[in-house]
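Heads up, the thing below is written out as structure tokens.
Residue numbers (the working numbering): -10 to 152.
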């Protein structure tokens, strides 16, 4: 296995992997999506389940998610930051995902993404992935309409709910 010691070289390689992964999502190519993952992937996706363990479980989830999104896919990373050394790297970004709508009615949201990568004989693979959305502590609802750099302060003096 070829180990890397140059953070900028690793960042370029991870960026290329994310580009292939994003294109595969937009093309709805489940095989190409899954080719980006390590066989031992653990994924904390934002939809339906706390975690997915292994390629088979995550493949089923990806297929179900793609089926729920009719139309042309929007799936793009912004503000990507990559750190890596040797055979390990991690990255975080903001992810715009959904389906294309008209400009006045976007059908998607911004999510937070982060991932861990492992260098294998077949190149870099996603070994851990985490997607999430912030939520409103008062209503317990996900804040899917937030835009990058938007801040919503908590209500001052709110006592919260007792469970």
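By construction, the Cβ of each residue, glycine as well, lies at the ideal position given by its N, Cα and C atoms.
The alpha helix (DSSP H) enclosing residue i, as first and last residue numbers
i           : result
residue 135 : Residue 135 -> no alpha helix (DSSP H), and no H or E assigned at all.
residue 49  : 44 to 56
Residue i and residue j closer than 9 Å at C-beta
i          : j           : result
residue 66 : residue 133 : no
residue 74 : residue 3   : no
residue 89 : residue 61  : yes
residue 22 : residue 116 : no
Within-9 Å CB hit, residue i to chain E
i         : result
residue 8 : Going by chain labels, chain E is absent from the structure shown, which holds only one protein chain.
Span of the beta strand (DSSP E), counted from its first residue to its last, around residue i
i           : result
residue 66  : 62 to 74
residue 105 : 96 to 109
residue 29  : 26 to 33
Own chain residues within Cβ distance below 6 Å of residue i, not counting five before or after
i           : result
residue 141 : none
residue 119 : 33, 103
residue 27  : 107, 114, 116
Identified DSSP bridge partners for residue i
i           : result
residue 156 : Since the first and last residues shown for the chain are -10 and 152, residue 156 lies out of range.
residue 85  : 65, 99
Own chain residues within Cβ distance below 7 Å of residue i, not counting five before or after
i          : result
residue 54 : 36
Option nearest residue i by Cα separation, candidates the options
i           : options           : result
residue 51  : 109, 124, 128, 10 : 10
residue 18  : -3, 40, 48        : 48
residue 101 : 128, 16, 138, 41  : 138
Sequence-distant residues of its chain with Cβ nearer than 8 Å to residue i (five each side left out)
i          : result
residue 1  : none
residue -7 : Caution is warranted here: a pLDDT of 42 is assigned to residue -7, below 50, making its placement in the model unreliable, and no coordinate value can be reported.
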